Every structure is written in C-alpha cells, then in structure tokens.
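To start, the structure under review is shown below, and the notes come after it.
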Amino acid sequence: MWMSSSEYCLKGCRIMVGWDTNRYDVMEMFMIDQVMHCLVKQLSSGEHFFCSIIYAEDDHVPRRKLWHSLEVFRQLVGDVSWIMLGDFNAILSTTECEGGMVGNSPAIMEFQDWTSDHSPILVKFEDVQVQSKGSFKFQNFLAFRNNFLDIVKLKWVEKVAGVRMFQIVQKMRNMKPMFRKAARDSGNLCDIVQGLAKSLKQIQFELDAAPFNEHWKLQEAKCLQDYRETALEEEQWLKQQ
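In numbering that gives the first Met the number 0, the protein residues as written are 0 to 240.
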C-alpha cells in the first residue's frame, strides 16, 4: 500500500511511503509538505511506534515549519517510541561540506539545536511472516443490531495507555476482531433470506389449512420477524458491494 504528500505540496510530491500490509499496519496521523507523521504497528509482534518521515526544504527559513511540526507532534507522542527518518537537507558540521564553508551558518546551528539530544540509530525488525487477514471493512448492517452498542462499549471501556489520539485509534482497532466475527457468524445473508422465505411460505400453507391453530400462528409471527430483519440486513450488505 502507498500514501504520499502530493496534496500538501505546491508542486510534485516530496514524500511517498510504501509498506507491506501483510506485515505492517500504517496509519497517517497528520502531515505537511516536509513531514509525514504515522503510527506503525508490526502485525507479527503487535508492537507499535510513531514514525515521522522527513524531506526538509533546502532553505533554513521554510525549514522552520518542519521544526514546528515536530514540536507539535511531540506533544501527542507521550511515552510511545518515536522514530524520525529521511532527509533534513542540512548538515551538523562544516566538516560534512565540501567547498570550504567557514563558520556555522544559521541552518547548521538550528539543525544542531533540534538534534542535540537525539542520536542516529539502526532499527531492524524480525523477518516474521504472518497470515494476512485482509483489509477490514465494517459491515453497515451490524450497526442496526440490538447488541451493536454493547460490543462498542465492551471495548471502549478498556484501559489503553498513551495519548488521547492513540487511545481512540487503538480502541477502534480492538473492535475489529469482534465485528469480523459478527459478520462471519451472520453467514450468507442471501441464502438465509431465501431459506426464511421458503419456511414462511410453508408455515402459511399450514396455517391456511388450520387458520385457528395457535402453534402455526406463533411460528408465522416469529418467521416473519426473522425474515424482515434478515432481509433488511441483506439490503444493507448489498448496498456496500
């Protein structure tokens, strides 16, 4: 899967990120033309961290917009691991520059100031392959069920460590398995509707032969209710296809 910063750039595209959806789950938090802030989860281990992908401006004045964005994002990170990677378009020392630059320029001093308490690191992830679950798609018909709010509340009250934005994202992710199971347990709605229609027709046939039979009256009422509810779910499901 891919995402880019093209809609935030005056021309072209400064940042493009690609990842294997079988191994990582990447969610964009927010971005500007010079940096893309993401939440990354390794599916094999369940570990997560924040990642800022950077491609800074050449000039140090517009680059200050990048420093400000990093400062703002730091407030959201809290105690969660945070990695910054990319091209800052700046040097830390005149020894890194060919051509005889003399003295520290404002660009160098600003870069030194913003990286003074950081160190370069090499990050390596274990090469563990996991079975893909496929992309999650919420089935709208589940929202009409009586137990929908109970499922949401069950996961929403769970304690999640981290800043508020991360807590909300994580709680929504924790609901996915339950909604996947609910959709899977629903079976083939089209086949179920056809089966209920056939059963209703048979019950009504029996009721025509014995119009005062209480057993068939109750069976008709129950089957008719099941048919209407399932037919509505089938309609909601078909609208999403």
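Heads up, the beta-carbon is just placed ideally off N, CA and C, and yes, glycines get one too.
These numbers were taken from a predicted model, which means no experiment stands behind them.
Continuous beta strand (DSSP E) stretch holding residue i: start and end
i, result
"LYS40", "34 to 41"
"ILE31", "23 to 31"
"TRP18", "Run containing TRP18: none; DSSP gives neither H nor E here."
"PHE110", "Looking at the DSSP string, PHE110 is not in any beta strand (DSSP E); the run it does join, the alpha helix (DSSP H), is 105 to 114."
"CYS50", "47 to 54"
Cα-Cα separation between residue i and residue j, rounded to whole angstroms
i, j, result
"GLU109", "GLU70", "14 Å"
"ASN146", "PHE29", "34 Å"
"ASN187", "ILE82", "44 Å"
"VAL241", "PHE143", "What the structure shows of the chain is the stretch from 0 to 240, and residue 241 is not part of that stretch, so it cannot be assessed."
"TRP113", "ARG13", "21 Å"
"ALA89", "GLU46", "32 Å"
"GLY11", "ASP32", "10 Å"
"ASP184", "MET26", "28 Å"
"GLY194", "ASP225", "11 Å"
"GLU228", "ASP78", "47 Å"
"LEU75", "MET164", "7 Å"
"ALA230", "ASP149", "23 Å"
"GLN201", "GLN218", "11 Å"
"ASN212", "ILE191", "26 Å"
"GLN41", "ALA220", "50 Å"
"TYR54", "CYS8", "12 Å"
Three-way DSSP call (helix, strand, coil) for residue i in this model
i, result
"GLU232", "helix"
"CYS222", "helix"
"ASP189", "Correcting the residue type first, residue 189 is Cys in the shown sequence and not Asp. Helix at CYS189."
"LEU217", "helix"
"SER3", "strand"
"THR80", "Strictly speaking, residue 80 in this sequence is Ser, with Thr absent from that position. Note: SER80 maps to coil in three-state DSSP."
"LEU9", "coil"
"PHE204", "helix"
"SER44", "coil"
"ALA181", "helix"
Limits of the alpha helix (DSSP H) - the one that residue i falls within
i, result
"VAL90", "Note on identity: in this sequence residue 90 is Ile, with Val being the wrong assignment. Neither: ILE90 is in no alpha helix (DSSP H) and is coded neither H nor E."
"SER68", "59 to 76"
Counted within 10 angstroms of its Cβ, other Cβ atoms place residue i as buried (16 or more) or exposed
i, result
"PHE140", "buried"
"ALA208", "exposed"
"PHE87", "buried"
"CYS37", "buried"
"MET35", "buried"
"PHE204", "exposed"
"PRO62", "It should be pointed out that residue 62 corresponds to Arg in this sequence rather than to Pro. It counts as buried."
"LEU65", "buried"
Test: residue i CB closer than 9 Å to a CB of chain D
i, result
"GLY11", "Among the chains in the structure shown there is no chain D, since it carries only a single protein chain."
Next on the checklist: Which complete alpha helix (DSSP H) runs does the region 139 to 177 hold, if anything under 4 residues is left out?
Outcome noted: 147 to 155
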